[in-house]
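Here is the structure we will look at, set down as structure tokens.
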Amino acid sequence: MITARQRLPRKLRSPQLPGTGVAFDVDKVRSHFPILRQRVRGKTLVYLDSAATSQKPQVVIDAIGSYYERDNANIHRGVHYLSEHATEDYEAARRTVQGFLNAADASEIVFVRGATEAINLVAQTYGRTNVHAGDEVLITGMEHHSNIVPWQILCEEKGARLRVAPINDRGELLLEEFENLLGPRTKIVAVTHVSNALGTINPVQRIIEMAHRGNIRVLLDGAQAVPHLKVDVRALDCDFYAFSGHKVYGPTGIGVLYGKSALLDAMPPYQGGGDMITSVTFEKTIYNNLPYKFEAGTPHVAGAIGLGAAIEYVNGLGIDNIAPYEHELLAYATDAVSAISGVRLIGTAREKAGVLSFLLDSIHPHDIGTILDQDGIAIRTGHHCAQPVMQRFGIAATARASFALYNTRGEVDALVEGIQKVREVFA
Amino acid sequence: MPDLRELYQEVILEHSKAPRNYRELTTASHRAEGYNPLCGDHFTVYLSVEGDSIRDISFQGSGCAISKASASMMTQSVKGKTRAEAETLFDRFHKLVTGQLANGRRAELGKLTVFSGVSEFPVRVKCATLAWHALHAAMQGKQETVSTE
Chain A
8 MITARQRLPR KLRSPQLPGT GVAFDVDKVR SHFPILRQRV RGKTLVYLDS AATSQKPQVV
68 IDAIGSYYER DNANIHRGVH YLSEHATEDY EAARRTVQGF LNAADASEIV FVRGATEAIN
128 LVAQTYGRTN VHAGDEVLIT GMEHHSNIVP WQILCEEKGA RLRVAPINDR GELLLEEFEN
188 LLGPRTKIVA VTHVSNALGT INPVQRIIEM AHRGNIRVLL DGAQAVPHLK VDVRALDCDF
248 YAFSGHKVYG PTGIGVLYGK SALLDAMPPY QGGGDMITSV TFEKTIYNNL PYKFEAGTPH
308 VAGAIGLGAA IEYVNGLGID NIAPYEHELL AYATDAVSAI SGVRLIGTAR EKAGVLSFLL
368 DSIHPHDIGT ILDQDGIAIR TGHHCAQPVM QRFGIAATAR ASFALYNTRG EVDALVEGIQ
428 KVREVFA
Chain B
3 MPDLRELYQE VILEHSKAPR NYRELTTASH RAEGYNPLCG DHFTVYLSVE GDSIRDISFQ
63 GSGCAISKAS ASMMTQSVKG KTRAEAETLF DRFHKLVTGQ LANGRRAELG KLTVFSGVSE
123 FPVRVKCATL AWHALHAAMQ GKQETVSTE
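Those protein sequences? They're chains A and B, same order as listed. Counting in my numbering, the first sequence runs from 8 upward without gaps. Counting in my numbering, the second sequence runs from 3 upward without gaps.
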């Protein structure tokens with residue numbers, strides 16, 4: 008039987024790709040992503056929307072296909088051959104995620120649909136148990152709607168208060184103000200690791216230290232962080248960490264909630280159903296152990312296996328090689344785009360990853376997006392599910408180019424040319 | 003491949019930069035808001051209706067070039083028309099931007115035919131029709147915000 012791990016080409020496990028002599032060979036990396044070979048609207052695809060969703064390498068596509076071709080069976084129940092192997096691969100993917108985040112134990116890794124579901128899970132279990140009338144939940148002014156609305160729902164139900172730590176004009180969290188908002192009523196801090204609209208990397212280590220001084224639990228939304236940064240949940244000492252598989256080269260519909268086992272153990276279940284129980288009678292149900300207590304129903308087995316393959320792929324390239332390459336590319340893009348007359352960058356934090364949000368004169372971002380699209384350049388335009396960020400900057404929307412490990416300087420040059428064309432159309 | 007100049011015609015760019023009837027109408031008898039949550043476009047359309055006829059119309063708000071120009075030209079097209087005439091115009095305009103209007107019927111739309119290029123850009127249809135949806139809602143006497151999502 009071939010597992011996702013075995014299917015990964017050997018060469019990808021070495022941080023130094025053979026025959027190149029360089030730590031990161033982007034041409035080679037691009038050849039792993041079949042979608043990037045196609046032309047759209049008669050032009051070479053320039054995909055600059057990876058913050059919305061990343062493209063998938065062949066090893067991930069193959070892992071999913073191979074699962075359905077050879078191993079498909081329900082897990083944790085069957086006594087037959089296929090079920091045994093499907094279960095093995097599913098649990099191997101969990102261990103891969105555990106290693107990726109450096110969690111203490113695989114049982115601290117809960118498979119969910121995505122970062123959104125992970126945050127909702129914590130709000131509806133840990134939150135409903137521990138947040139009461141008059142308590143406070145503290146977030147920041149740069150959160151994605153998925154790290155705002157679940158807490159609003161909780162606060163509304165409990166008569167608790169949602170507090171928001173402000174950001175400055177560069178799009179950086181005001182750490183002093185954040186600290187001042189921590190108080191005896193604060194029960195949960197929920198902060199994005201990297202902002203999807205601005206690209207800001209938050210000082211999460213200090214945030215966690217501050218919160219823990221008051222014995223307050225911290226959830227990090229890592230959806231935009233895991234593709235770009237090394238994440239070590241034990242070094243951070245964070246209590247909960249959420250991310251989505253599809254933003255880190257894995258499939259959609261699968262994501263991860265990491266939680267410290269003591270916290271997860273004490274939490275009530277999120278959903279009831281099969282697999283999350285040890286025994287059921289009409290009088291009483293005994294819940295299953297971690298992490299199965301939080302995985303009711305047949306999970307997205309193929310998704311988890313695909314995510315495992317994606318993380319193996321990232322590990323093979325080495326996040327220590329990916330991060331400096333992407334950092335240099337973002338710096339190049341920032342210089343090139345900001346040099347265009349009429350461009351205003353939104354989000355100029357000193358620590359950034361992956362995202363370049365901008366405005367061009369008074370041209371609406373939607374018009375920018377349509378014109379770039381005619382040249383095969385895919386960017387995101389709009390409020391990026393972060394309307395409070397837009398309100399903070401007094402704007403309705405931005406154009407956002409976002410970068411991944413397969414993007415190149417040549418693609419940045421194409422973006423710059425495209426923006427010049429937008430200016431010509433609106434001249 | 004659709005031509006950008008078909009979409010961003012000079013008339014459209016000119017209206018987006020200098021929209022007509024761009025003001026609040028203090029004497030409005032009807033008003034409605036149009037909102038597209040996807041892109042954040044947001045317009046308020048004001049109407050002054052006497053009997054069955056649209057005596058005056060104006061709009062305010064923010065949006066992309068297509069939505070703003072469409073709102074501007076809509077106000078010019080329906081001023082002085084009856085409600086029924088305005089609804090018919092909306093119906094034809096909607097057919098135009100979705101590529102369903104026969105070439106022979108285009109003349110009835112007058113200047114609004116500059117939006118025919120929108121039909122090549124399906125995701126922009128809701129930009130072109132946002133103000134029209136608000137006009138429709140205002141004439142129906144609806145007070146809530148209409149959405150093109």
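We treat Cβ as the ideally placed atom computed from N, Cα and C, and that holds for glycine. None of the values given here were measured: they were computed from a predicted structure.
Between residue i and chain A, is the shortest Cβ-Cβ distance under 9 Å, so that the two count as touching?
i, result
"residue 125 of chain B", "yes"
"residue 65 of chain B", "yes"
"residue 114 of chain B", "no"
"residue 36 of chain B", "no"
"residue 132 of chain B", "no"
"residue 22 of chain B", "no"
"residue 15 of chain B", "yes"
Does any residue of chain B have a CB that is nearer than 9 Å to the CB of residue i?
i, result
"residue 433 of chain A", "yes"
"residue 395 of chain A", "no"
"residue 427 of chain A", "no"
"residue 388 of chain A", "yes"
"residue 28 of chain A", "Model confidence at residue 28 of chain A stands at a pLDDT of 48, short of 50, so the residue's coordinates are unreliable and nothing is read from them."
Compute the Euclidean distance between the alpha carbons of residue i and residue j, then round it to the nearest angstrom.
i, j, result
"residue 389 of chain A", "residue 367 of chain A", "13 Å"
"residue 28 of chain A", "residue 83 of chain A", "In this predicted model, residue 28 of chain A has a pLDDT of only 48, less than 50, meaning its place in the structure is not dependable; the value taken from the coordinates is given anyway. Cα-Cα distance, rounded: 45 Å."
"residue 356 of chain A", "residue 87 of chain A", "54 Å"
"residue 50 of chain B", "residue 79 of chain B", "15 Å"
"residue 11 of chain B", "residue 194 of chain A", "56 Å"
"residue 344 of chain A", "residue 423 of chain A", "6 Å"
"residue 57 of chain A", "residue 255 of chain A", "9 Å"
"residue 133 of chain B", "residue 45 of chain B", "7 Å"
"residue 97 of chain A", "residue 112 of chain A", "15 Å"
"residue 396 of chain A", "residue 21 of chain B", "28 Å"
"residue 70 of chain A", "residue 312 of chain A", "7 Å"
"residue 107 of chain B", "residue 307 of chain A", "52 Å"
"residue 65 of chain A", "residue 336 of chain A", "24 Å"
"residue 103 of chain B", "residue 13 of chain B", "21 Å"
"residue 136 of chain B", "residue 185 of chain A", "41 Å"
"residue 134 of chain A", "residue 127 of chain A", "9 Å"
"residue 234 of chain A", "residue 411 of chain A", "8 Å"
"residue 85 of chain A", "residue 95 of chain A", "12 Å"
"residue 212 of chain A", "residue 243 of chain A", "6 Å"
"residue 223 of chain A", "residue 141 of chain B", "54 Å"
"residue 325 of chain A", "residue 104 of chain A", "15 Å"
"residue 241 of chain A", "residue 110 of chain A", "6 Å"
Show which residues of chain B have a CB atom less than 8 Å away from the CB atom of residue i.
i, result
"residue 404 of chain A", "41 and 42"
"residue 374 of chain A", "10, 66, 67 and 68"
"residue 159 of chain A", "Residues of chain B passing the Cβ test: none, with the nearest at roughly 17 Å."
State the beta-bridge partners of residue i as determined by DSSP.
i, result
"residue 47 of chain A", "A:50"
"residue 56 of chain A", "A:409"
"residue 130 of chain B", "Note: residue 130 of chain B sits in no beta bridge, so no partner."
"residue 118 of chain A", "A:263"
"residue 286 of chain A", "A:293"
"residue 171 of chain A", "A:146"
"residue 180 of chain A", "A:174"
Name, please, each residue of chain B whose Cβ falls closer than 7 Å to the Cβ of residue i.
i, result
"residue 378 of chain A", "6"
"residue 371 of chain A", "65, 66 and 67"
Notebook entry, point to check: Which runs of the alpha helix (DSSP H) fall wholly inside the region 134-167 of chain A and span at least 4 residues, in chain order?
Noted result: Runs of the alpha helix (DSSP H) inside the region 134-167 of chain A: 156-165.
Note to self: Just to confirm the assignment: which complete beta strand (DSSP E) runs, minimum length 3, are found wholly within the region 222-263 of chain A?
What the structure shows: Listed in chain order, the complete beta strand (DSSP E) runs (minimum 3 residues) inside the region 222-263 of chain A are 224-228 and 247-251.
Item checked: Segments of 3+ residues assigned as beta strand (DSSP E) that fall wholly inside the region 6-94 of chain B -> 32-38, 43-52 and 55-64
Next item on the list: Note down, one range per segment and in chain order, each beta strand (DSSP E) of at least 3 residues found wholly within the region 335-391 of chain A.
Entry: 350-353, 362-367 and 387-389
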